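Please read the structure below before turning to the comments.
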Amino acid sequence: MQGPEVVKPWLEKYGVTFPVAVDTADVFGAAFGLKAIPVSFLVDEVGIVRLQGGGPSKEFRAQVEEILREPVSAVRGGTRESASALSLDDLRARAARQPDNAGARLALAQALERAGNFTGAVAECEAAARAQPKDATVPFTHGLVLLRQGRTNEALVKFTAARDLDPGNWRIRKQIWALEHPERFYGTNGIDWDWQKVRIAREKK
Amino acid sequence: MLLTRMFVLALAALSVTQSLAAPLPVITRDGRAHVAAAALEREAGIAIKRLPGREGRSGFVACGPDVCAPLNGVLTEGETLLVPVTALNDASNLTANFDDGRQHVTFSATRRESPSAAGPARVGSIAPNLRLTKIDGSTVTLDELRGQRVLINSWASW
Chain A
31 MQGPEVVKPW LEKYGVTFPV AVDTADVFGA AFGLKAIPVS FLVDEVGIVR LQGGGPSKEF
91 RAQVEEILRE PVSAVRGGTR ESASALSLDD LRARAARQPD NAGARLALAQ ALERAGNFTG
151 AVAECEAAAR AQPKDATVPF THGLVLLRQG RTNEALVKFT AARDLDPGNW RIRKQIWALE
211 HPERFYGTNG IDWDWQKVRI AREKK
Chain B
2 MLLTRMFVLA LAALSVTQSL AAPLPVITRD GRAHVAAAAL EREAGIAIKR LPGREGRSGF
62 VACGPDVCAP LNGVLTEGET LLVPVTALND ASNLTANFDD GRQHVTFSAT RRESPSAAGP
122 ARVGSIAPNL RLTKIDGSTV TLDELRGQRV LINSWASW
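Residue numbers (the working numbering), protein chains in the order written: chain A, 31 to 235; chain B, 2 to 159.
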């Protein structure tokens, strides 16, 4: 159970008013190199990443409040380009120019996924994997696209490959757990945290 | 599935230099020349920002339109931040030029290309201009939110 259909009832229940994005192709996760979640970042008015935090904590809250008390700076930092902001046509042209550039192929895969072209996205993930077989973000994204197509078993194969390339990445591990043991995540009692503690202890060895 | 709540290749230096605005008053502490962060921002377009939770050497960052770099040795006097001139030289593309009496300093900048998105984003660097798809299907980029403080919280249904 993933994606907007899971999120919407939760947002209604809690009356969420802030904008919510669903990162179905892991654009945010890959750009910030996330190894575990929850995670928070504060980006200031200049565009600087000022803070990183984990789950809710008094310390993080105090640090956020410290930044909010500062006078607002008039300076605007330069743009740090992200392929996710480019158009599909630009990404297609770039991938055609650099067919062996895994990053260009993966960025195109993410844009195709965004556009609902899952078949095209899978093909680009496969091309990225040929260009860069050691990068865990490639099979992770590939698995996410397969999940969007309902191809759960094939997705699990890709997530497992991603885990083997990046064993310290707990996002990949938890994604695998949720698929293998949905009853521990989506049962009537919600997420089984005790079960997760046991898994974490076992997999840390 | 990840849900996101919205709330450096080598820099190729180009040989274009320009002087930046007015001379800034030099403030001497422990025999070293400093400038006030507020004056630096106003006259040179360089913002000096503290990174809470990171004390010591990497506790501050200097960011302008072209550069964003760690800054060492910043002094705090009440609300005033004093930036060592030598640290600015080290951190940014600014070159300091003192007047005869070392009462004032002007900065000249060497223009550099914008940093490209090499490696993951991290604290103290400019956030990449990500485009994210909101729950209603519309998209938003981080650069569209410049000028505001944005808290991004990422969580999952697992």
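Glycine included, every Cβ here is placed at the ideal spot set by N, Cα and C. What you are looking at is a predicted structure, and each value in this text was computed from that prediction instead of being measured.
Asked, Found
"contact_flag[the region 140 to 147 of chain A, the region 113 to 120 of chain A] where n(CB pairs < 8 Å) is 3 or more", "yes"
"Contact set between B/L131 and chain A, taken where Cβ atoms lie within less than 8 Å", "V57, F58, A61, S112, S114, A115"
"Continuous beta strand (DSSP E) assignments of at least 3 residues falling wholly in the region 16 to 83 of chain B", "28 to 30, 33 to 37, 48 to 51, 61 to 64, 69 to 72, 76 to 78"
"Enclosing beta strand (DSSP E) for B/T134 [first to last residue]", "132 to 134"
"Cβ contact check for the region 29 to 40 of chain B and the region 81 to 94 of chain B: 3 or more pairs under 8 Å", "yes"
"Residues sharing a beta bridge with A/R110, DSSP", "B/P129"
"Outcome for B/P129 when other beta-carbon atoms lying within 10 angstroms are tallied against a minimum of 16", "buried"
"Test: A/I202 CB closer than 9 Å to a CB of chain B", "no"
"9 Å Cβ cutoff met for A/V228 and B/A48", "no"
"Proximity of A/A66 and A/W223 at Cβ, strictly below 9 Å", "no"
"Simplified DSSP state of A/N131, which is helix, strand or coil", "coil"
"Inter-stretch contact at 8 Å, needing at least 3 Cβ pairs: the region 93 to 105 of chain A / the region 65 to 84 of chain A", "yes"
"Candidates B/L95, B/Q149, B/V124, of which the one nearest A/L64 by Cα", "B/V124"
"For B/P85, the residue or residues it bridges with in DSSP", "B/H35"
"Buried versus exposed, by CB contacts within 10 Å (16 or more), B/Q149", "exposed"
"C-beta neighbour in chain A for B/A122, strict 9 Å", "yes"
"Reduced DSSP secondary structure (H/G/I, E/B, other) of B/R147", "coil"
"Integer Cβ distance of B/W159 from A/P68, believed to fall under 8 Å", "About 11 Å separates the two Cβ atoms, so there is no contact after all."
"Given A/F90 as reference, the closest of B/G60, B/P66, B/G54, B/G74 once Cα atoms are compared", "B/G54"
"Bridge partners - A/Q82, DSSP secondary structure assignment", "A/F71"
"Chain B within 9 Å of A/W207, Cβ atoms only", "yes"
"CA-to-CA distance, B/I28 to B/A14, given in whole angstroms", "The pLDDT assigned to B/A14 is 31, lower than 50, so where the model puts this residue is not dependable; a value taken from the coordinates is nonetheless given after this. For B/A14 and B/I28, the distance between alpha carbons rounds to 30 Å."
"Helix, strand or coil at B/L95 according to DSSP, with G and I counted as helix", "strand"
"Beta-carbon proximity check, B/V141 vs A/P129, cutoff 9 Å", "no"
"Sequence-distant residues of its chain with Cβ nearer than 6 Å to A/A151 (five each side left out)", "A139, L142, E143, V175"
"Contacts that A/T109 makes with chain B (C-beta to C-beta distance below 8 Å)", "S115, I127, N130, D144"
"Cβ neighbour criterion (16 or more within 10 Å) applied to A/A137", "buried"
"DSSP three-state assignment for B/T140, whether helix, strand or coil", "strand"
"Neighbourhood of A/Q179 by C-beta, 6 Å cutoff - its chain only, sequence neighbours within 5 removed", "F148"
"Buried/exposed call for A/N183, threshold 16 Cβ in 10 Å", "exposed"
"Beta-carbon proximity of B/N98 to B/D67, cut-off 9 Å", "no"
"Closer than 8 Å at the beta carbon, the chain A residues around B/L83", "What B/L83 touches in chain A: nothing, since even the nearest Cβ is about 17 Å away."
"CA nearest to the CA of A/N131, picked from A/G108, A/L177, A/S114, A/C155", "A/C155"
"B/S109 at chain A interface by Cβ criterion, 9 Å", "no"
"Listed by chain order, chain A residues near B/Q149 by CB distance under 8 Å", "E75"
"Contact check, B/L41 vs B/L25, beta carbons under 9 Å", "yes"
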